[in-house]
Amino acid sequence: MHYQGKPVEGATVTLIPRQADGRSASGTTDAEGAFKVTTYISPSLQVEGAMPGEYDIVVSKMEIRDLEEGLTPQEAQAAFHKLGPPKNLLPKKYRSPNTSELSVSIEDGSPDPLTLELEDK
């Protein structure tokens, strides 16, 4: 996955099934922007790849906030509250299947690697 011509590391990519009986799949991008998705069947069973079907794709990458070490839980909570909610570092439209315009059709459960090019528009 690329945004503004550069690979995006640490983004969450989620495939949302269009069919009612489908299962979602998700993965995290690496330093080159590549990712593999995993389908969660149950808490004890995960399958690499996505099940066959049609999917909408949503993507997000939240900013990582570091707090100083040694804070009590109450101090850490107060510090996070003061900072406000974390920001998504990618365009807002990619957070919703209704606006992302990204989709994929999986035929055999093991697609070729997906290449996503995100744009500001």
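The numbering of the sequence shown is UniProt numbering, which starts it at 1 and goes up by one.
Think of the CB as a built atom: it goes at the ideal place given N, C-alpha and C, for glycine as much as any other residue.
Judged by beta-carbon spacing, K61 lies within the 7 Å limit of G10, meaning their Cβ atoms are closer than that value. C-alpha of L15 to C-alpha of S103: approximately 8 Å in a straight line. For Y40, DSSP records a beta bridge to Q46. By the Cβ neighbour-count rule, S100 is buried, with 16 or more other Cβ atoms within 10 Å of its own.
When the beta-carbon positions are compared, I106 and G53 come within less than 7 Å of each other. Contact annotation, T28 with V59: C-beta distance approximately 11 Å; criterion of less than 8 Å not satisfied. Note: M62 is bridge-paired with N88 in the DSSP secondary-structure output. Of the candidates G5, P17, Y3, P17 places its Cα closest to the Cα of S96.
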